[in-house]
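Enquirer: Let me begin by handing over the structure; questions about it come next.
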Amino acid sequence: MAEGSNSSFDDPRLSPSSKKQPGGWRAVKYILANETFEKLASMSLIANMTVYLKTKYNMEGVLLVNVINIWSGTSSFMSIGGALISDMFLGRYLMLLYGSISSLLGMMILTLTVIVPKLRPPTCIGQINCIDPSLWQLSILYAGLTLMAIGAGGIRPCNIAFGADQFNTTTKEGRSQLESFFNWWYFSFTFALVIALTAVVYIQTNISWVIGFAIPTACLLVSIVIFVIGHHSYIIVKPQGSVFVDLVKVITAATRKHRLDCSSCSFYDPDFHPRTKQLGCLEKAAAIADQNELDEDGKPKNGWRLCNIQQVENLKLLLGMMPVCLAGIGCFMTMDQQTTIGILQAIQSNNVLRSGFKIPPGWMGLSPMIALSIWISTYEILWVLQTKKLTGKAKRLTMTQRINIGLISAMACSIVASFIEKKRRTAALKHGSFKSPMSILMLLPQFALSGLVEAFAAVAIMEYLTTQLPESMRTVAGAIFFISLSMASYLNSMLVNIVHKTTKKGGKTSWLGGHNLNNDKLENFYYLAASIEAFNFLYFNLYARRFIATSCTINEESKEDQHNNEDQI
């Protein structure tokens, strides 16, 4: 295997143990094949998990939403732990391998729950007198989901980064190859996603759950085999520490010196990094309280007691971005609601077309993807190119404009969903049936609007995090994005539980919960969700949006000062 940073080759990351130089497309072909099979496997289960738990585990609404949201949130949050362990101890190769093995074990357990009927409650006929899953049955299910969440935490933060490690970005050819790799990575991701959301979901819903779960399990096993076979061709970079630790060091050092009077302090600033006025209390982390804090070379003896100004400014910049990320969490909650509650609506809608073809409820997940693709194509090809032809300069929507459109789309999504749900439930009660005669296609607008939330708000917020943080903190940008997704899932679960417990008091009809949506008033929950999004819209425009301009200004000033310092040197 290639080891990092101690070789005599031109590229210091290459291993002398291999006759051929590792890295490049020789290695990437294995990584892309592994990525395609891994994504096909994971997305095949994620896309249809709501339908599986509803139809095979007889889960009532609140429990189902809790399980899906907590699982999704934990998978995102585990990515932070995976990134830390990878950067500090294992490295990306081993983290990907161990994460894949954990996911495979989780999938094998879930496949067993399909194969062995005793691991599930009896199938609910006609959705009347459904038997809930027992504690031991749920324990086995949760064990599988937990292993998959741990696996996702190891895979998500490392897959793209490990592919990028295979190219020498100090050369023009390496940068060009890296750009091509990103394109092929997204192509493989999209290809796997389309296959998972169409063919595999169809097999699970309309043919056999056993075959439908065996396929992704086999795909993941194949992906691990391909990944291991290619190990001789990889560039494996040694763990070099994590920027997360630097951020914790600043908080720790500032806390230790919180009583220090810094009016006449000197600061440890070896790189002459520009200082900002915000959050001055954090600068105590870089204050030299005693010359004994420095060694003979003028460097800190203990990094947990004395940090440099650059570390402090990095933390300031990150904290200054939190108000915008908070607005993003509100948008992500709307997206989560459609992947759980929206699918429950699809399960209780008429999914049979006139031709007799049955649309799997999980296919509704294709609608956001299609809406997102249509918007990006329209924006990039029609709007950007046409404005460039007419004015000579491409005009793009600003980050603030895109986030605002995403916030409005989130409100519209909940409002449309409430109207459609009322129509669906009314028709079901009129016909006295579990499934409403209303066509499942009537749900397309709310799912499409969910896709627009992602196209505008989610993409803009990810761009905001990536472009406004320095290059050394790009991994932090991804981590903050994953934390935002995680918080959205947890908050969504909390909201559902609060609403359920509050609305069922006094024997009243609950807004959601139970085995049958026809007995609930789900449209009221969507009205509440729309109200939360309206508040989020006001919060962003009256408060959070100013931080976009502030962080952009600080970033530009920082770059300008850095260039000036370089010129002076």
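Quick note: the sequence shown uses the numbering used here, first residue 131, plus one each step. Positions of the beta carbon are idealized from the N, C-alpha and C atoms, including for glycine.
Measuring straight from C-alpha to C-alpha, what distance separates A417 and L424?
Expert: 11 Å
Enquirer: Could you compute how far the alpha carbon of T347 sits from the alpha carbon of V192?
Expert: 28 Å
Enquirer: Look up K565 in the DSSP assignment and give the residues it is bridged to.
Expert: Bridge pairing for K565: absent [DSSP].
Enquirer: Which partner residues of K488 appear in the DSSP bridge assignment?
Expert: V482
Enquirer: By the three-class DSSP mapping on this structure, what secondary structure does A419 have?
Expert: coil
Enquirer: Within its chain, find whatever has a CB closer than 7 Å to the CB of K488; leave out the 5 residues flanking it on each side and keep chain order.
Expert: N336, N481, V482
Enquirer: If you compare alpha carbons, which of M452, L271, C461, A542 is closest to Q598?
Expert: Looking at the Cα atoms, M452 is the closest of the given residues.
Enquirer: Taking G221 and I366 to be in contact with their CB atoms under 8 Å, please state how far apart those CB atoms are, rounded to whole angstroms.
Expert: 6 Å
Enquirer: How about Y656 and A540: are their beta carbons less than 8 Å apart?
Expert: no
Enquirer: Return helix, strand or coil for L175, following the three-state DSSP convention.
Expert: helix
Enquirer: If I measure Cβ to Cβ from W314 and keep anything under 7 Å in the same chain, skipping five residues before and after, which residues do I get?
Expert: L162
Enquirer: In three-state DSSP terms, what is L642?
Expert: coil
Enquirer: Could you tell me which of A171, E165, V195 sits nearest to K628, measuring between CA atoms?
Expert: The residue asked about is misnamed: residue 628 is Ile in this sequence, not Lys. Ranking the options by Cα distance to I628, first place goes to V195.
Enquirer: Identify, in the order they occur along the chain, each residue of the same chain with its Cβ nearer than 7 Å to the Cβ of V158, setting aside the five sequence neighbours on each side.
Expert: A distance below 7 Å between beta-carbons, with the five flanking residues on each side excluded, links V158 to the following residues of its chain, in chain order: G293, Q296, F311.
Enquirer: If you run the structure through DSSP and keep just helix, strand and coil, what is F397?
Expert: It is a strand residue.
Enquirer: In angstroms with no decimal places, state the Cα-to-Cα distance between A120 and N646.
Expert: Within the shown structure, residues of the chain are numbered from 131 to 699, placing residue 120 beyond reach of any answer.
Enquirer: Are the CB atoms of S614 and P498 within a distance shorter than 8 Å?
Expert: no
Enquirer: Grab me the residues of Y669's own chain with a C-beta within less than 7 Å of its C-beta, minus the 5 sequence neighbours each way, in chain order.
Expert: A457
Enquirer: When the distance is taken between beta carbons, is M173 closer than 8 Å to A279?
Expert: no
Enquirer: Let me check understanding here. Comparing Cα to Cα, which of G304, P491, S363, C260 lies closest to T328?
Expert: P491
Enquirer: Could you tell me which residues DSSP pairs with L424 in its beta bridges?
Expert: P430
Enquirer: Just verifying my parser: in three-state terms, what is the DSSP assignment at V246?
Expert: coil
Enquirer: Which two residues bound the contiguous alpha helix (DSSP H) that contains V380?
Expert: 373-386
Enquirer: Relative to the alpha-carbon of P251, which residue among A213, V378, R156, Y182 has its alpha-carbon at the smallest distance?
Expert: When each option's Cα is compared against that of P251, the closest is Y182.
Enquirer: Go ahead and pull the three-state DSSP assignment for R143.
Expert: Reliability fails at R143, whose pLDDT of 46 lies under 50, so the model's placement of it is uncertain and the value that follows must be treated cautiously. In this structure, R143 counts as coil in the three-state DSSP scheme.
Enquirer: In angstroms with no decimal places, state the Cα-to-Cα distance between G134 and G212.
Expert: Model confidence at G134 stands at a pLDDT of 40, short of 50, so the residue's coordinates are unreliable; what they give is reported in the following sentence. Near 20 Å, if we compare the C-alpha coordinates of G212 and G134.
Enquirer: Over what stretch of residues does the alpha helix (DSSP H) that includes D466 continue unbroken?
Expert: Where D466 is concerned, the enclosing alpha helix (DSSP H) stretches over 452-467.
Enquirer: If you count every other CB in all the chains shown that lies within 10 Å of the CB of K248, and 16 or more means buried, which is it?
Expert: exposed
Enquirer: For G536, collect the residues of the same chain with a Cβ closer than 6 Å to its Cβ; drop the 5 residues on either side in sequence, then sort them by chain order.
Expert: C461, V583, F586, A587
Enquirer: Nearest to D391 by CA position, among I591, C411, T406, is which residue?
Expert: Nearest to D391 by alpha-carbon distance, out of I591, C411, T406, is C411.
Enquirer: Tell me whether I613 sits in a helix, a strand or coil according to DSSP, three-state version.
Expert: helix
Enquirer: Can you look up I511 in the DSSP assignment and give me helix, strand or coil?
Expert: helix
Enquirer: On the criterion of 16 or more Cβ atoms from any shown chain inside 10 Å, does F577 qualify as buried, or is it exposed?
Expert: buried
Enquirer: Quick check: what's the CA-CA separation for L409 versus M603?
Expert: 19 Å
Enquirer: With burial defined as no fewer than 16 other Cβ atoms inside 10 Å of the residue's Cβ, what is the status of W641: buried or exposed?
Expert: Note on W641: 16 or more other CB atoms within 10 angstroms of its CB, so buried under the neighbour-count rule.
Enquirer: Let me know if D737 comes out buried or exposed under the rule of 16 or more other beta-carbons within 10 Å of its beta-carbon.
Expert: Residue 737 cannot be examined here, being either before or after the span of the chain that is shown, 131 to 699.
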